[in-house]
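In the working numbering, the protein residues as written are 190 to 355.
By construction, the Cβ of each residue, glycine as well, lies at the ideal position given by its N, Cα and C atoms.
Read the structure below first, then the notes.
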Amino acid sequence: MAQQGTPQGDRRRGTFGGGRRGPGGGKGPAPLERLDTSRIQLSPPEGGHLPPDLFDDVARRAAQQVAGDCKNQKNKPTQLRQFYDELVMWEEKVRRDEDRFHEYLPFIRMLNAKAAYAEGRKHVDRNFVDLMHHCLGQVTSPSVLRNFKLFFEAFMGFYKVERPSG
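Here you go:
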């Protein structure tokens, strides 16, 4: 017989937090459906074109997955808009002086750190961080930065439908 205070004793009494329902007792949020970033290709293949559905179906699906459960207090439109606004600012700076792109690139990629910080503060979730990381990792030229900005613009438009208010 297990003694009280031991893990076996706690399990027997049902206070250990384990069991079939997991530590949350079955009352916590459902596990997050992971964002599929495989179709988000911001640079065209050699001699090719961007996927025709990049700013349409691909952006819509990303918005739907990031929106997830509307009861979620993370990923509020105003929070995501701050990331979009900063991306627009960097794209405009690069457009004015493309020769400075490589000088700006570390600061553009710093959006990854800002997204991670926002996740730590519970303002955004892992799907949004993954989206930013995937897209920023592809930014290697001014044209890809522009495509990311356009993708994010389309994403935000669809996100507004999925999550109309903050």
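{"query": "Contact set for Asp225: own chain, Cβ-Cβ below 8 Å, skip 5 residues either direction", "result": "Arg250, Gln254"}
{"query": "Option in Ala304, Pro240, Phe317, Pro331 with minimal Cα separation from Glu292", "result": "Pro331"}
{"query": "Val313 and Gln262 closer than 8 Å at C-beta", "result": "no"}
{"query": "Residues of its chain near Val333, where Cβ-Cβ distance is below 7 Å and the 5 sequence neighbours each way are ignored", "result": "Leu231, Ser232, Gln327"}
{"query": "Inside the stretch 225–266 only - beta strand (DSSP E) runs reaching at least 3 residues", "result": "none"}
{"query": "Asn336 versus Asp319, Gly257, Tyr273, Pro266, residue with shortest Cα-Cα distance", "result": "Tyr273"}
{"query": "Sequence-distant residues of the same chain with beta carbon closer than 6 Å to Ala343, five excluded per side", "result": "Phe244, Ala248"}
{"query": "Uninterrupted alpha helix (DSSP H) stretches inside the stretch 299–324 (no shorter than 4 residues)", "result": "300–309"}
{"query": "Within 8 Å, strictly: CB atoms of Tyr348 and Pro295", "result": "no"}
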